[in-house]
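Number of protein chains: 2
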Amino acid sequence: MAKALHTLCASEAQECILRGDFTVEAYAQALLDRVAARDSEVHAWATLDPIHVLEQARRLDRIPKGQRGPLHGFVIGVKDVINTKDFPTKHNSPLHQDDPTLMDATSVAILRANGALIMGKTRTTEYAVVAVTPGTKNPHDPSRSPGGSSSGSAAAVADYQVPIGLGTQTIGSIMRPSSFNGVYGFKPTWNSISSEGQKVTSPTLDTFGFMTREPRDLRKLSDVFGLKDDDEAPRRGEMIIPGQKFAILRPPMWKNAGPGTVAAMERAGQILRDAGAMVDEITLPSDFDNVLELQTDVLRHEIQVVFHRESTCARDTMSRELVAAAAGIQGGTLRRTFLRSFDALAALRGQMDGIASGYAAIIAPSSVDVAPVTDTWTGDPQFNGMWTGLHTPAINVPGFAGQGDMPVGVTLVSGRYRDEHLLQVAASVGPLFTHLAILNLVA
Amino acid sequence: MAKALHTLCASEAQECILRGDFTVEAYAQALLDRVAARDSEVHAWATLDPIHVLEQARRLDRIPKGQRGPLHGFVIGVKDVINTKDFPTKHNSPLHQDDPTLMDATSVAILRANGALIMGKTRTTEYAVVAVTPGTKNPHDPSRSPGGSSSGSAAAVADYQVPIGLGTQTIGSIMRPSSFNGVYGFKPTWNSISSEGQKVTSPTLDTFGFMTREPRDLRKLSDVFGLKDDDEAPRRGEMIIPGQKFAILRPPMWKNAGPGTVAAMERAGQILRDAGAMVDEITLPSDFDNVLELQTDVLRHEIQVVFHRESTCARDTMSRELVAAAAGIQGGTLRRTFLRSFDALAALRGQMDGIASGYAAIIAPSSVDVAPVTDTWTGDPQFNGMWTGLHTPAINVPGFAGQGDMPVGVTLVSGRYRDEHLLQVAASVGPLFTHLAILNLVA
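What follows is the structure, given as structure tokens:
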């Protein structure tokens, strides 16, 4: 029996469309049907207009075969802090509920120009800052957190409502929800893809990225943004694992890891050893002991600069949590403390590139554990912030399971601008890590 | 005889308005009259709607006295790469000539919320990137360059058409036009004021700033953005110059300085010595020899990331110069070269803060010389880029004159987040430097 259309990954769907098995319109309709059937439980979408989706689909179907873009028929959900010309961007803030549409973000414009179909806006926490969920439920277990702040993108992808979700990460807003929902999450090297047109939180930390169910979709998405390593990356197919060297990294704060994450890290190491790879167990030099504090100092300062606008112009629309976050490091901490952290974090980046260069990838935890049981909290990003601060590419690879058979992933990391390389590694080790958790959903 | 209204600086005009000497409407009308009389020669404005200006003015006049913001009646021209909700933002690009208005940039929203009146959009070079003037003429001599990319803001302020212009700087786009037009230009510490909502060119270099005819306007503008030093800055009034220590810095490439700039630097040092200050003549440690190359490497890489959008979606709308700029360091230079420069530049920032901490201010050249005679070129920013890359606050102080009695300024620099301090220094030395050049205009 052929797979239901909505369960295909974007690359599979595209192959079928190009072969003439079905149209973009039929595919989009199948996704809309899935949304109609499921989203009253999952609450992944902030704005979705089926008529507009089908119009876009028909427009794509009318493009002659030779003129179709590399992402023809890729259907994408856009986190609702990333501007789109056809949907308002509401930031989960009362201030923006009636906003007009704005110009497409740079990322969205490039995706569209390459043939992608923007399905709608996915739910986010308030301005992608606060740690209160936007009502989205984890499709694996609605009593558990969907993660955040890219809650809707992660849940919609995991629930087969859309094959691709766009996310943003300033601490752990792509990695953590990807781990909780059992999907791939890719945070490319900082500013290798422009974040222009997405809400600014912290200019030196904000990172644009993708969530998918298959690593090959990540690769096709990255290609249209010109993510090219200096060194020729392994051929498009798989990397040969035997003989490769990996590092299992227990980061600062590792003592806080829960049983699901501890088991996933152990299992990942064992799977790689069994496949013939060499696996080192490493910790970082003491220079990295306070890397999370450095990242936090930078964030708290930078967030206060940009949210000076909302604090000045629309304070009554801000939640208590946002007011607290936007207060940043005012009230005691000095700007010279921020500068010291800003410079110290910068100095660690090259050092991390050097460490990573010895390995096919570093394997690190993606979340403290499986998604916590909670109606409100997006979970703890303490294992994610350092990679955001260090500007490295990072990919959550799903496939492990913890308590309640909930998914949990591990993070693959490489040095800056080794994005193609890391995508190849993820494409190779992903299938090895695959666990049934993500397939348990009635798709 | 009372000064003509359009010749007042913003703080003077505000005092008169608050005293009831005239209304914001009358003041705005005087500025509009000046524009009507002069802008067919200067060409400073991209978009200006007198009816809307007067509507805003009347709205400000209706605000009861106790509720007026700290910038009540400050009239501001906005560089046309900074978004405004009431004027389109055309970026001097054919792609954006018919754009709808967008949401106010963060800077503009904060200015408005504090009582400022946005007069219109000032001309910029294409996306504030290319070095071809937007047709703006230097009001001191229309055969000479107005500088760029903030050409219109600098010319409009120098020509008394508006007291305040907003600018952006990625290499030298605030400092250079300020020097050429004989106005104050202030580039605060990088990201101390959010650049959200202005065209991104290079996220780690783009800096938002102001142009004015008086330093006290700079101070009032900065205050609403919360620019506070860690250390208590000198009292609002003037700094006592005798006993202060200054550095006259001959930067890398000093050999390229023209006679106007050489004379301005010498004269600045002499004036300060005569006033009782100690003045060291300094050069930088050899670590800084290639600081401009580092800044250029970073720019060329980052510009290529963000302009991947225009290159992908609207290549036929880009000028040849923009295409070349957006090609960045592709075609040969490696990403690891960029990363090395990115990290090396980061490592110099703290070092520069240390050097600057020994002085009330470092005095450096603002431009190679006075504005060159040219119809097209915005001039050479080679003395500006290092301060942008180093994230320091910098203020062009006008007052000197070179060939053709054209204005030329010097740049005051301090360490990062010593913005209040530097504004105090500028307010104190500015009057000492004042030369008749700026007053020569028939105002």
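Going down the list, the sequences are from chains A and B.
Residues in the first sequence are numbered consecutively from 1, following UniProt numbering.
Residues in the second sequence are numbered consecutively from 1, following UniProt numbering.
Built from N, CA and C at the ideal position, the CB exists for glycine as well.
Since this is a predicted model, take the numbers as computed values, not measurements.
If you run the structure through DSSP and keep just helix, strand and coil, what is residue i?
{"i": "Q198(A)", "result": "strand"}
{"i": "F208(B)", "result": "strand"}
{"i": "L412(A)", "result": "strand"}
{"i": "residue 446(B)", "result": "The structure shown does not extend to residue 446(B), since chain B is modelled only from 1 through 443, so no value can be given for it."}
{"i": "G430(B)", "result": "helix"}
{"i": "F225(A)", "result": "coil"}
{"i": "A364(B)", "result": "strand"}
{"i": "P188(B)", "result": "coil"}
{"i": "I63(A)", "result": "coil"}
{"i": "F218(A)", "result": "Reading off the sequence, residue 218(A) comes out as Leu, not Phe. Of the three classes helix, strand and coil, the one that applies to L218(A) here is helix, per DSSP."}
{"i": "R250(A)", "result": "coil"}
{"i": "V373(A)", "result": "strand"}
{"i": "R267(B)", "result": "helix"}
{"i": "Y127(A)", "result": "helix"}
{"i": "P203(A)", "result": "coil"}
I need the straight-line Cα distance from residue i to residue j, nearest angstrom please.
{"i": "residue 482(B)", "j": "S202(A)", "result": "With chain B represented from 1 up to 443, any question about residue 482(B) goes unanswered, as that position is not in the structure."}
{"i": "D141(A)", "j": "M406(A)", "result": "8 Å"}
{"i": "A275(A)", "j": "F307(B)", "result": "42 Å"}
{"i": "T23(B)", "j": "I17(B)", "result": "6 Å"}
{"i": "A426(B)", "j": "L31(B)", "result": "26 Å"}
{"i": "V75(A)", "j": "I193(A)", "result": "19 Å"}
{"i": "residue 498(A)", "j": "T337(A)", "result": "Outside the displayed range of chain A (1 to 443) lies residue 498(A), so it cannot be described from this structure."}
{"i": "V129(B)", "j": "D21(A)", "result": "47 Å"}
{"i": "H391(A)", "j": "R418(B)", "result": "28 Å"}
{"i": "A131(A)", "j": "D39(A)", "result": "22 Å"}
{"i": "E420(A)", "j": "A109(B)", "result": "40 Å"}
{"i": "Y184(A)", "j": "S366(A)", "result": "11 Å"}
{"i": "G148(B)", "j": "N191(A)", "result": "26 Å"}
{"i": "P88(A)", "j": "R19(A)", "result": "34 Å"}
{"i": "R340(B)", "j": "Q295(A)", "result": "21 Å"}
{"i": "V200(B)", "j": "G226(B)", "result": "23 Å"}
{"i": "V78(B)", "j": "Q198(A)", "result": "22 Å"}
Here's a check: name, in chain order, each residue in its chain whose Cβ is nearer than 6 Å to the Cβ of residue i, leaving out the five neighbours to either side.
{"i": "A113(B)", "result": "none"}
{"i": "P94(A)", "result": "T317"}
{"i": "N430(B)", "result": "Per the sequence presented here, residue 430(B) reads as Gly, with Asn not at that position. If we look at G430(B) and ignore the five residues flanking it on each side, its Cβ neighbours are P215, V397."}
{"i": "L249(B)", "result": "I282, I362, A364"}
{"i": "A264(B)", "result": "F400, V408, V410"}
{"i": "V35(B)", "result": "Q161"}
{"i": "A394(A)", "result": "K187, W387, T411, V413"}
Short of 7 Å in beta carbon distance, which residues of its chain neighbour residue i, apart from the five on each side in sequence? Order them along the chain.
{"i": "T136(B)", "result": "V42, H43, A44, R123, P146, S151, G152, A155"}
{"i": "Y359(A)", "result": "K245, F246, A247"}
{"i": "K220(A)", "result": "S11, P70, L71"}
{"i": "D223(A)", "result": "P70"}
{"i": "D289(B)", "result": "P252"}
{"i": "D287(B)", "result": "L348, Q351"}
Is it the case that the CB of residue i approaches a heavy atom of the ligand FAD more closely than 7 Å?
{"i": "T207(B)", "result": "Among the ligands in the structure shown, none appear at all, so the ligand FAD cannot be discussed."}
Check for me: the alpha helix (DSSP H) holding residue i runs from which residue to which?
{"i": "F338(A)", "result": "335-356"}
{"i": "F400(A)", "result": "Note, F400(A): premise wrong, no alpha helix (DSSP H); beta strand (DSSP E) at 394-401."}
{"i": "V78(A)", "result": "V78(A) -> not in any alpha helix (DSSP H); beta strand (DSSP E) instead, spanning 75-79."}
{"i": "Q244(A)", "result": "Where Q244(A) is concerned, there is no enclosing alpha helix (DSSP H), given that its DSSP letter is neither H nor E."}
{"i": "T388(B)", "result": "385-389"}
{"i": "G404(B)", "result": "Element bounds for G404(B): n/a, residue is neither H nor E."}
{"i": "M175(A)", "result": "175-181"}
{"i": "V323(A)", "result": "320-327"}
{"i": "C16(A)", "result": "10-19"}
{"i": "G148(A)", "result": "Segment: none, G148(A) is in no alpha helix (DSSP H) and carries neither H nor E."}
Which same chain residues end up closer than 8 Å to residue i when comparing Cβ atoms and leaving out the 5 residues on each side of it in sequence?
{"i": "V368(A)", "result": "N256, A257, G258, T261, G379, D380, Q382, F383"}
{"i": "C9(A)", "result": "P163, T212, R213, E214, R216, D217"}
{"i": "K90(B)", "result": "A46, T47, D80, H96, Q97, D99, K121"}
{"i": "L117(B)", "result": "V24, A28, V53, Q56, A57, L60, G73, F74, V75, I76"}
Where do the N-terminal and C-terminal ends of the beta strand (DSSP E) with residue i fall, by residue?
{"i": "K106(A)", "result": "Looking at the sequence provided, one finds Thr at residue 106(A) rather than Lys. Not the beta strand (DSSP E): T106(A) falls in the alpha helix (DSSP H), residues 106-113."}
{"i": "Q169(A)", "result": "164-169"}
{"i": "M119(A)", "result": "117-122"}
So, does the CB of residue i fall closer than 8 Å to a CB anywhere in chain C?
{"i": "N191(A)", "result": "Of the chains in the structure shown, none is chain C; the protein chains are A and B."}
Length at least 4, wholly inside the region 21-60 of chain B: the alpha helix (DSSP H) runs in chain order: Counting only runs of 4 or more, we get 24-42.
Residue ranges of each beta strand (DSSP E) within the region 270-317 of chain B, 3 or longer: As far as the region 270-317 of chain B is concerned, its whole beta strand (DSSP E) runs of at least 3 residues are 278-282.
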